[in-house]
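Asks:
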Amino acid sequence: MSEGTKPIIRVRNLCKDYIAGEERISALKDINIDIMPGEICCIFGQSGSGKSTLLNMLAGLEAPTSGDIFIGNIPVSRLSENDLAILRQRYLGFIFQSYNLMDNMTAVENTALPLIFKGVDKKQREELAVSALRAVGLGERLGHYPSRMSGGQQQRVGIARAFITKPKIVFADEPTGNLDTKTTAEVMDMIKSFAKKYNQTIILVTHENDLAEYATRVITLADGKIIKDTRKGEDKNA
Ligand code: ADP
Ligand code: MG
């Protein structure tokens, strides 16, 4: 644990079952984790190991079957849909594998979108979006639509959008899954440098070994259980 600070995310005895027909699938089995502010935490494991399920629970996108999740002192797993929406607007950012940009919106409009929900006025939204896009190297693409941009450019818009509200935690599920090696490195360097600059916590889901390199901590899942939990510079089995 780092110097007396409190965890930003706490997970206690988390279980998630899915019912598929007659079958009950235990996607997460008694997960316990403390994540500290500023950690770049990689959730690593093979396809089907429960990574996305865990990310979705941490972000309040899906409800656990049992157990508790806290972001700071907020009991995420016990909030109403309405309070969850407010929590996400105030504190969380998201980066998706398939970028999830709005096709009919320009780079500036896509980037500014989370600010609408925060009640920021139009002029200020645009100014903030332009500076966020410049920060990800897209100053020349401000008026472009997603269909006119490469995958790497689209994901950089996705990054600008995720960070524009200066969220406490950014969740990224396979953010480079559709990108080539060189673009992957650029995108990951960008995510890491923003996180460092604003002391943000990153939850990065991936099945790729190379991406775990960017993390300060790697939590490995297999079959819904934590089989390894390693911080840079130590090697403790959980
Ligand atoms: P990963 O992201 O590591 O590939 P997931 O978290 O998506 O794994 O899935 C974990 C397990 O839960 C898998 O066996 C998957 O088939 C199952 N699962 C995930 N979502 C659902 C769902 N909505 N309904 C039924 N089973 C699901
Ligand atoms: Mg997944």
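Under numbering that gives the first Met the number 0, the first residue of the sequence shown is numbered 0, with each subsequent residue one higher. Don't be surprised by glycine CBs; every beta carbon is placed ideally from N, CA and C. These figures come from a predicted structure and were not determined experimentally.
1. May I have the straight-line CA-CA distance separating Tyr197 from Glu80, to the nearest angstrom?
2. At a threshold of 6 angstroms, does Ser51 count as lining ligand 2 (C-beta to nearest heavy atom)?
3. If we ignore side chains and look at the alpha-carbon of each, how far apart do Asp102 and Phe193 end up?
4. With DSSP as the reference, label Asp179 as helix, strand or coil.
5. List in chain order: all unbroken beta strand (DSSP E) runs of 3+ residues lying wholly within the stretch 36-80.
6. Around the Cβ of Ala171, are there at least 16 other Cβ atoms within 10 angstroms (buried) or fewer (exposed)?
7. In terms of residues, what are the limits of the beta strand (DSSP E) holding Ser25?
8. Rounded to a whole number of angstroms, what is the C-alpha to C-alpha distance between Cys41 and Gly142?
9. Using 6 angstroms as the cut-off, classify the Cβ of Ile24 as near or not near the heavy atoms of ligand 1, replying yes or no.
10. Using the rule of at least 16 other Cβ atoms within 10 Å of the residue's Cβ for burial, across every protein chain shown, is Ser76 buried or exposed?
11. Going by DSSP, what residue range makes up the alpha helix (DSSP H) through Val156?
Replies: Let me lay it out:
1. 28 angstroms
2. yes
3. 26 angstroms
4. coil
5. 39-43 and 65-70
6. buried
7. Glu22 to Ile34
8. 33 angstroms
9. yes
10. buried
11. Gly150 to Phe162
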